[in-house]
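To keep things clear, I will list the structure first and then write my remarks on it.
Here's what the structure looks like:
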């Protein structure tokens, strides 16, 4: 699964909403999210809205390198966040992908800073 598909799967697992609704919600996110969702999670100032009408939201904590669900999210997604095996597995995969993007950005930055472009 690609990163966007992982987010849709997490949305469906948390909210119980249909796949098509989760995809539509994702497509309604900002242009910046749709261009590069992994980087958006790192530098975005917004949270990712789930398909339950936007009541539940997730974000990424740079200090802990973990996804979080907002405290004012609906009860069902909050309950599933730490108890549902599928949700936990999806969260871990998404977190790993975000951190892989961090490592890639660090490598690119180091290459740009190296004399002769790292050659």
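Residue numbers (my numbering): -1 to 117. Yeah, the Cβ is synthetic: ideal placement off N, Cα and C, and Gly gets one too. Here the structure is a predicted model, which is why all the values come from computation and not from measurement.
Spanning the alpha carbons of residue 45 and residue 0 requires a straight line of approximately 20 Å. Close CB contacts of residue 57 within its chain, under the 6 Å cut and outside five residues either way in sequence, are with 45 and 66 (chain order). Here residue 65 carries a strand assignment [DSSP, helix/strand/coil].
Beta-carbon to beta-carbon, residue 35 and residue 54 are separated by about 18 Å, too far to satisfy the 8 Å threshold.
The Cβ atoms of residue 48 and residue 15 sit closer than 9 Å to each other.
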